Each structure stands twice: as C-alpha cells, then as structure tokens.
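This report refers to the structure that appears directly beneath it.
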Ligand SMILES: Cc1cc2nc3c(=O)[nH]c(=O)nc-3n(C[C@H](O)[C@H](O)[C@H](O)COP(=O)(O)OP(=O)(O)OC[C@H]3O[C@@H](n4cnc5c(N)ncnc54)[C@H](O)[C@@H]3O)c2cc1C
Ligand code: FES
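Residue numbers (my numbering), protein chains in the order written: chain A, 70 to 824; chain W, 5 to 470.
Here's what the structure looks like:
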C-alpha cells in the first residue's frame, strides 16, 4: 500500500503548518536571539523596535506568568533569556507585528548591550573544566583491566564525528489562537504534542486542559522536532495569552539553523584488544558528547551511545564511559539514531584501525565477533532471534564479496587516477524508548453509524508513513476497505499524555494500541452479529466487509452490521492503552532489558575516489536488512533508502562549523550541504533478511525508521580504504565527515611515499 | 500594474516590481502548494514554471520563485503545482505515487513542477535530462532513489512525445490541463510591459541580489535585464564571439553557436549551480557580483574576455581581468552597466574545473579554467584563471606568462605550479583551509593538462615528480 498522503502530496494539496488558512487579525512573530555564544545581557532597548510600523508587542521574559523554563529532562533552559546568554541564537524576545516582514524589520532595531565571555565550543575542553550536564555514565562488562594481558594486539586511538543539521524541508513553526475562556489552540509542527502542551501550560501558568495541540503532519522531523519544536509553540501561545489575538511564528531557514540544536558531535578515545585469532577480548572507550548549552535530550542520547557502543559485536570485557559536556553551542538534540550512530562510529573506527595495522580487511574482524542469539550485551540484555551471521552469509554469497574484493584489488593495481574502496557495516539497533515509562500509547477509534471509521492516536505523520501503517492495522482487523478509514490529526484532546513519535517506535506503540482498540470493537460487533444469527460470536467473522457465519457468507454486510449495532446501543467507540511488556532498566547498575527487540542488518559499500581532485562517488550500497515481516515493504524500503542517504550525508559532506566564539559558520543552505540527487549512491540494493519478526513489533513488522541510518557509516570506511590505496601511509584518524577536503589532504599527506 | 498569467488566470498587481513571486503566489493568491524551504534558491521547494512564446512555441523553464521578482515574469505564464493539477493525476504525479517518491511531501510539489518542465521541453525524452531538470530540488526524506525511478518511468511515458507540437501532445496525453493550449493567445492579449530604463538599478536573474538583501528589494521598483531584448544575443563571427549581458547560463547551453566552440560545455556547466538557477542567472550578474568564486567569471577570464560597459551613450571596453580591483571593488562607474562580453576565437583547448563540498549545486572551494594553444609541443598562449584563492576572481598572469613559449611537459607544469602558488593568497573559511585550497588549486591546475593533453601528461608523472 502506498503512503495514504501521496496523492495530496503530489498535487500540493497537503496542508503543512504554514499552509493553514489564517484567521482574521492574525499577527506574526519573529524571534530576537543572542548574537553571542556566552556572556550576559547588560541592557536591552526595545523602544526603536517598538516604534516601527506594525509592531504590536515585544515579549520578553518579563511577560511570562509561569515558569520561564522549557527543559524537558532537566529544568535548565529558559524560554527567553533573562540575563545569562549561553549560546548564539538563544531566544531573548519575541517581536509581534501585523506582518511577518514588519516583525523582521523591527527585530533589527532592538538594541542589545552585552558582555561577552569566552565560549566553550569543544566537548573535551568542557569536560576538563568540569562543565557537565550530568555525572558521567559507565557501562561495564567483564573485567577489561585483566583482559589486556590476554590480548595479542592492542590499539588505541581517537574517533570524532561531527554534528548534523536536521534540515527537515519544513522549518519549525507554530500557529496559536485564542478560544473562549482563556483556552488556546496550537497548531505545531512537532513530534511531541504533549511536550508542547505541558510546557505551554507551565510557562503560561494555566492547566494543560486549557491548551489544545493539533498536528496534521510535518514536512520532516528526524528528531529535530521532538523537543525543539516546543519553544516556538510556547512563544506563539504566550503571544496569544498577552494579546488575545492569533499569533503565527514560523522560523525562516536561517533562524532555524541558528537557533536550533543538531545531532551531537562526539569526540572519543578508544582502546581495543584482540586475540591472535581476531576475537575482540576487550574494549574501552571514553566518549565526550557535545551537548550544547542545555540538557535537552542529551542524557537520553548519551544513553543510546552507550547501548550501541559495541554495535554488533560480542565483547566479553567492555568498559565505556560517556560524558555529556556542556558547551556554548545551541542545545544539541535528537536526530534519527539518537546517539546510536555516534556510539557505533567509535567501535567501527577501532576495528578499522586494528585492521589497518594488521593489514587485513576490516570485515575479517567484524565477522569473527558478530553477535549471536544468547550473547549478552554490556547492558545485560541477551540477544534473541540473532540473525546477524545468517545476514552476513546471505550478503556475502548473494553479492559475492570475494569477487568484489578481487575486482577492487585489480582495479587499484592498474589505476593511479582513481582508487576504489569497500566496507561492510553491520548494525544492531535496539527498539524501545530507553526510558521505560515512555513506552506507552493510546488509540481512539470511532466507528461512525454509516460504517466509516475515524482513528486518532498519538503518532505524528512526518513522512515515515505511520498513518498508512495504522490504517492498515485497522483495515486488517476489521477487514474493511481503506477508503472507509480516516486517520485524524494528532490532537491532545483526543489522545492525551502521548510520548513523542520517535525512537522508531511510532508504528509499534500506536499500532499495538490501535490493534487492541479495533479488536475490542470487533468483539462487540461479533457479539451483535452472533445475536442476530443466533450463534456464538466465535462463529462470526468479517471478510471484505461481508459478515460470515462459520465461514459462510451471510447477507449482512459491514454497513448493515454497524447500523444494527448502533440501534442496539453497542458502544462503537473504543480507547485502548498499550504499554510494552517485559522491558525494564536499572540505571544504578546499568543493567536491564531496555529494548523490546533488536533490528539487524548489514551493508556493503563501494566507492571510487578521484585521486586528482579528491572527490568521490559511491558506486553501490548493498543491504540485507531485518524488516521482520514487513507489513508495508514500499514504505519500509523507502525508510531504508532515505535513512541510508541521511547517514551518508552525515559521514561525507554535511559539515557543521562553528568558530572559536561559538558562532555558526555553516548556517545557510549555501554553506551546509546535504546530499542532492547526484551525490547519492549510483545503486542501492536492498534485500529483506529471512526474519521471524517479533510479537513486540506491530504485525511482526519491525521498526525501521532509525536503524538503516547507520549503514551510512560504511561509506566513511570505504572512502578511507580507497584513500589508503593511493597513499598507504596516510595517517587518517577517524574524523567524520570525510569531506572532499579531508580526502585530498589524506591523498597527499606529507608522508606519501611518492613525494 | 504588472500583468501575467498565473496558471489559468490573468493576474494584475500594483505591487512594486521588485516584490517576490513566491510571496505573491502564497500570500496574495493563497496558492500554498508552492512551499517556502530556504529563500535562497538552494532547495527547490518553491519551484514554479515560467513560460513565453519562443520560435512559435511555448517555452517553459523552472525557476526559484523565492528569488524571482515579479517584474521578471511580467507578460509571461507562471505555473504552480495547482496549475498542473487535473481531475486525474498526471503521469509525473502518478509515477511519484507509484514509486513512493514522496515521504513527508514537502519537497514534492517542487519536484513535480520541475519534472513538468522536463515534459514541456522540446528535447527528446532522456532520463538524464529528467534528472537534470530536478537538479535544483532537494529532498531530505527519500534518498532520491524512488525519485530517480519515477523520472525513469516518466521518460518511458513520454515516448512518442512531439518535439514540435509539445504542448498539444502533452495535453492530448493527459500530462497537462487543456488550458495550456490557449496560453500563447492569452499572452498576446496582455497589456504591453511597462517601460523600464537604465536609470534604475538593474537586476538580472536576482539570484545574487535576492539572496543578499531581499528584505530591502521587495519594496522597490527596478529595471530588469530581461526587458532589454538588445542584451540577449550570442554572435559568432570574424574570429570573435560576442555575447549580450542578458544571456543566462542556460542560454549558453542552448546556443548551438556557443556550444560549438566548447565540446565539453554541458559537462562544465553542469557544475554551475542547478538547472533552475542557470535558467535565470546572467553572465553579467555573475561578473558584477564579483564573488571570488564566480564560476562564469573564471570561465570567461580564461578566455581573456573583454566586456563593454555603457552608460547613457558612452561605451568603453575593458578586459574582464581588469574589472576587479579588490574585494568586491570594480572598475565600474555609478550607473554603468555591462552590455556585452567579447572573446577571440579560436582559443585553443579549453577546460573548466571546480571542486566543492558537494559536486553539484554548491559554491566552489576552488575553481579554475584554462584555454591553451599549443603548436609543435610548445605552449603558444595560455590563459588560466582561478577562484577561491584570493579576494577577487583571479587571472593568473604570472603563471600564464611563465607558460608561454615553454615546452608542454610535466616539468614545465610543476615549475609553473611553483609560480602559481606565489600568485595566490587564499584564506581559511567554510569552504576550506588555506593548505587545502593551495593543494586543490595545484590539482586543478594539473587537471587542465591531464584533461587536455592525456597523451603527454598524467597524474602519475606529475605527482611522482613534484
Ligand atoms: C542556489 C544558488 C546557487 C548558485 N550557484 C552558483 C555557482 O555554482 N556558481 C556561481 O558562480 N554562482 C552561483 N550562484 C550565484 C549566482 O547565481 C550567479 O552569480 C549569477 O550569475 C548571478 O546572476 P544574476 O543575473 O542572477 O544576478 P543578479 O542577482 O540579478 O545581479 C547581481 C549583481 O549584478 C548586477 N547586474 C546584473 N546585470 C548587470 C548588468 N548587465 N550590468 C551591470 N550590473 C549588472 C546587479 O545589479 C547586481 O548587483 C548561485 C546562486 C544561487 C542562489
Ligand atoms: S519527501 Fe520529505 S523532503 Fe522530500
């Protein structure tokens, strides 16, 4: 089934936040933010700005009736800065005017006097100054101290991965307007309507019941609208509270890039020890996460870096410590993979390092150490349904790894101008929010008296196709046609206390709740039908909208059944609640079962480097991926392709740059580059692994949003290999992204043997 | 009043001619299928088509509405996604649905509009052209593979397309709504354009100006290069090529006369911005913007081109290399405009090189162009330019002087690079460190010779010796 929104998408009729018809008297807001990364406000003068045409109000922290606080995990982030300035782009005031242009024009007239302090932009520097978001966390297994002496080979090094701008094509925004009695309705482009509702209530000092948040769809989220859609919605609502007028606040691209956080840069040290036969005996790492100026979701993201620090490998002795370092960058936040990619990059760098020194292909070590069913991960969970070895075998045979390796070897021997490289990248990714209480969801289903169905859940549609999957669940349980079913907007008055749509769990959690609601309704309908045929409900079934009795079609159809049930006063509405069973986690010992299940996969990447210009092309990425039993291969394969390319972007061309004062240098689309149609792999082949799925996944169809992003890491190491084929002595420390600059510098590094 | 046809409706507006088409479409006309993604021409979410009669047929181009002043579409036909919709989906739309080429959908109208330009073009269907048409459209969700598949399917659907009666064929085959057929007649009935004159500030495509200061421009009236037909010509005769300053990069590509002089033109110009930016960006705009990494500037510097500057009835001709005095400091008087560009032919062999973070639709870290004449193994004349290695687009005069009358050999090239390195003064910025830019220019300098004289020069003999 195709994405149910695709028709309205291709005709331009889908409505995004900025397309909602505005109400009469709507005002427009622009955010005035800190020009410096660290310091404090000496004085601020709004007089000139206020005198500008069209300006209605300039809101500052003084206008906040409740708490000036938006921190989700820790209360450490002001909505509007009072005195201290912690990052460039930190909101200070909101200018509200008759038109957007007037708001922007007036914003330029605000006079801010400030004292600037030295900014910390580097995570290690922050750690050295004990500038931390929270105490470090350490995952331990076995005894690394004792294990080193058993290792034949030990390698130590450093791995850095840079941040990544979400670059959802639709920027952040919200539109709020007054309802009666001080109630406010907010349309927000958010992955977390409940976070918007809760935070707005807190800032406005009113009950959550006064705030209604509604989300139709997002023009992309990728984690960037999990926590960081909230402030703009709160500001718009604050404007409504102060002025009793509709207020729209949509960030322009430059403000969005400047004011919002990104994927966390990580800087890590690793030490890896191997036995003579290439078994990894011990692994230690220290990770420095650049959290930016406030906690945001950093603590949870740090957790996932630790969970995935050994990626797909069984390592008997591990000790990994991670610091969440407080710097003067915008608070970094969720981004597809949620710290997992950064964690995996470290171990993959360590393996590539070992392989380089041992002069063997990295995959020899990777393969030797793959996780198997029953293997215990550093956090105590045991692998179930571990199919990595089978996936590996499948890929290696299907694509004939040996001949690929030989061809590349031959090519490299006979070419100077171009060199090829390849890599394998296994992925093991845990599914569930690692904070157990978040693993819950609700669904509300109405069957209308004409037999049509309306579904509300807490899931946010942002292109990942969750609404399509939800529709499939209902259509399958009721056996009715898709055109009878409507997915409603996500609205806090229909489904309350929702978890964000994140961690790839949207379809699982909301789908399970929906399945339960539909099953409950189905049971009632069967009872009703059973009664009218004088048989037990168990004898009733529905197929393609026809009611069957003991497998034989009756003359009753779905619409008639609903009509009858309604007259019998059967409840045609159901609200169900789902909480993922089994999972639990104890942070005090860092052990538990944080994940309902794992998703597995493997990618083979081949690249060609132009050794004259330092440019490169990705020739192919071949993937075997564990979809479980995919309920929608069209959508799921699309998620793999999209995530892979996003991962490749992170590893290759997407380069966030701040200067020493913490000012963003790559703050426009002309300075920050994401993949375009010419830079993606020439070929992407995706194969579904033989997989049983799991009962924790909706219809045994495993979560797919995040795991494939990490296949992109393979590109880094394939390029690395090609560069070394040209310049074997290039001392390449792992430092992503592998921009064309780093490639050229590596190709011609001073210790090139030919120079 | 500015009049044009927007989809199937004539519109007239008293707005300043510098106001933006995107805002007019969304705010004034409430057509919200055209999206705001970046307002700097770098994402394609706001793509629309603009059409006019050319050689008796409607000719459409995709353009970034976020950088297009409404003055630039006066008297023309503007098409948004709404203007392409019919009762049933068009093949472009249907293939997007079938191939799952849309996820969040925010980029999708832009892609569909660009692909409609591909359908409307009078070229024979070819998937590479389809991809070219969407080279200015960015998608963050799909990874492009499903979009490539849709483009491929669309090409198949276009088999049999008439290249002479294109609009009729497309209407007949349900690619376009029928109202398209009547557009030429309706355009002819629009009020004549208001006269603009050289007195006011002149705007070419607006692709530099509107990125830099759109907030100022939208409230003003301007003179538009597009309204000066006399600036739109390419003439090859008497050992010179003369180009009107209103010529766009796309015009160069479409000119048989011009592309006849440059066998690799398509390959070279594919490295310059995107199809939609090339459609509107003028050569003179690139020269006057004076960015140190202007690609067309580097291109014409290496042809040792001259430009004609005019004001009122006074004219002067100077070498392009003398136009640049310092960072954004030009030998150009107040109100002087560039009217034409002139270079001599034949100019020997020509090459253009550019490396940027992303190969396409990106500003160069370093670019370079070269024209080289060789006789009996001796360099007769070399003109080499480079960008990104100093405050101005640079003609490498010391390097060129050194090369003249030297034998073409790896040694000469390596020695020339030593001169070259003394001639440049790159700085570190987002586009690269000093060390990188120096190394990169060396490589691109080498690349000219490797590309043009592969029988004599190769990467191995250059790097083994240097
Ligand atoms: C997304 C994007 C990508 C880009 N990529 C590239 C790239 O890859 N390479 C590159 O080189 N550039 C690139 N550019 C920059 C720009 O497109 C070019 O510099 C273009 O040639 C400018 O032409 P224009 O007609 O749009 O200039 P305008 O913005 O219209 O004008 C620029 C300046 O020139 C003046 N001017 C225009 N015509 C004349 C004339 N005849 N006489 C005197 N003054 C005149 C204007 O008054 C103005 O000061 C890109 C721009 C965008 C938005
Ligand atoms: S579908 Fe979301 S940006 Fe293309």
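Heads up, the beta-carbon is just placed ideally off N, CA and C, and yes, glycines get one too.
Being a predicted model, the structure only gives us computed values, none of them experimental.
When every heavy atom of ligand 1 is checked, does at least one fall within less than 7 Å of the C-beta of residue i?
i	result
residue 300 (chain W)	yes
residue 44 (chain W)	yes
residue 285 (chain W)	yes
residue 398 (chain W)	no
residue 208 (chain W)	yes
residue 321 (chain A)	no
residue 213 (chain W)	yes
residue 289 (chain W)	yes
residue 166 (chain W)	no
residue 475 (chain W)	Here chain W has residues from 5 to 470 only, and residue 475 (chain W) is not among them.
residue 341 (chain W)	yes
Quick one: what's got a C-beta closer than 8 Å to residue i's C-beta in the same chain, skipping five residues either side?
i	result
residue 822 (chain A)	At residue 822 (chain A), the pLDDT of 38 sits below 50, so the modelled position is not reliable; the number obtained from the coordinates is stated separately. These residues qualify, in order along the chain: 796, 797, 798.
residue 78 (chain A)	72
residue 471 (chain W)	The question about residue 471 (chain W) has no answer, for chain W in this structure spans 5 to 470.
residue 239 (chain A)	85, 86, 87, 258, 287, 288, 289
Might you give, ordered along the chain, the residues of its own chain that have their beta carbon closer than 6 Å to the beta carbon of residue i, omitting 5 neighbours on each side?
i	result
residue 278 (chain W)	139, 140, 365
residue 163 (chain A)	98, 100, 128, 304
residue 528 (chain A)	535, 570, 575, 579
Please list, in chain order, all residues of the same chain as residue i whose beta carbon is under 7 Å from its beta carbon, the five residues on each side excluded.
i	result
residue 108 (chain A)	154, 183, 184, 185, 186
residue 819 (chain A)	none
residue 403 (chain W)	388, 420, 423, 424, 427
residue 461 (chain W)	414, 417, 453, 454
residue 37 (chain W)	84, 85, 86, 113
residue 247 (chain W)	238, 287, 344, 345
residue 693 (chain A)	460, 463, 464, 670, 671, 756, 758
Is the closest heavy atom of ligand 2 to the C-beta of residue i under 7 Å?
i	result
residue 313 (chain W)	no
residue 291 (chain A)	no
residue 71 (chain W)	no
residue 110 (chain W)	yes
residue 238 (chain A)	yes
residue 38 (chain W)	no
What are the boundary residues of the beta strand (DSSP E) that residue i is part of?
i	result
residue 756 (chain A)	753 to 757
residue 109 (chain A)	108 to 114
residue 509 (chain A)	509 to 516
residue 193 (chain W)	It is not in any beta strand (DSSP E) - residue 193 (chain W) carries neither H nor E in the DSSP assignment.
residue 493 (chain A)	487 to 500
Terminal residues of the continuous alpha helix (DSSP H) containing residue i?
i	result
residue 635 (chain A)	627 to 636
residue 262 (chain A)	262 to 273
residue 448 (chain W)	438 to 456
residue 324 (chain A)	322 to 328
Which residues in chain C have a C-beta closer than 9 Å to the C-beta of residue i? List them in chain order.
i	result
residue 70 (chain W)	Although the question refers to chain C, the structure presented lacks it and instead comprises the protein chains A and W.
**Study point:** Within 8 Å of chain W by C-beta, residues of the stretch 535 to 553 of chain A in sequence order
**Key:** Those would be none; no residue qualifies.
Just to confirm the assignment: which complete beta strand (DSSP E) runs, minimum length 3, are found wholly within the stretch 68 to 134 of chain W? Counting only runs of 3 or more, we get 81 to 83.
Using Cβ-Cβ distances below 8 Å, what residues of the stretch 102 to 117 of chain W are close to chain A?
Under the 8 Å Cβ criterion, the stretch 102 to 117 of chain W contributes 102, 104, 106, 107, 108, 109, 110, 111, 112, 113, 116.
> Which full runs of the beta strand (DSSP E) of 3+ residues lie inside the stretch 717 to 792 of chain A, going along the chain?
Replying inline: Positions of the beta strand (DSSP E) runs, each at least 3 residues long and wholly inside the stretch 717 to 792 of chain A, are given as 753 to 757 in order along the chain.
| said: Just to confirm the assignment: which complete beta strand (DSSP E) runs, minimum length 3, are found wholly within the stretch 331 to 375 of chain A? | reply: Within the stretch 331 to 375 of chain A, the complete beta strand (DSSP E) runs of at least 3 residues are 335 to 343, 349 to 361.
### Those runs of the beta strand (DSSP E) which lie wholly inside the stretch 207 to 260 of chain W and span at least 3 residues
Correct list: 238 to 241, 244 to 248.
Item to complete: Output, in sequence order along the chain, the residues in the stretch 75 to 88 of chain A whose CB is closer than 9 Å to any CB in chain W.
Response: Residues of the stretch 75 to 88 of chain A with a C-beta atom less than 9 Å from some C-beta of chain W are 75, 76, 77, 78, 79, 80, 81, 82, 83, 84, 85, 87, 88, listed in chain order.
| query | Going along the stretch 742 to 765 of chain A in order, which residues come within less than 7 Å of chain W, judged by CB to CB distance? | reply | Contact residues of the stretch 742 to 765 of chain A toward chain W are 742, 743, 745, 746, 747, 748, 749, 753 (C-beta to C-beta distance below 7 Å).
Original post:
Along the stretch 60 to 89 of chain W, what residues have a CB closer than 7 Å to any CB found in chain A?
Top reply: Of all residues in the stretch 60 to 89 of chain W, those with a C-beta nearer than 7 Å to a C-beta of chain A are 85, 86, 89, reading in chain order.
Kindly provide the ranges of any alpha helix (DSSP H) runs that are 4 or more residues long and lie completely inside the stretch 126 to 175 of chain W, ordered along the chain. List check, alpha helix (DSSP H) in window: 131 to 137, 149 to 161.
Report task. Select from the stretch 224 to 243 of chain A all residues with a C-beta closer than 7 Å to any C-beta belonging to chain W, and list them in chain order. Result -> So the list reads 236, 237, 238, 239, given in the order they occur along the chain.
*Output the residue ranges of the beta strand (DSSP E) runs that lie fully inside the stretch 550 to 597 of chain A and measure 3 residues or longer, sorted by chain position.*
Correct list: 554 to 556.
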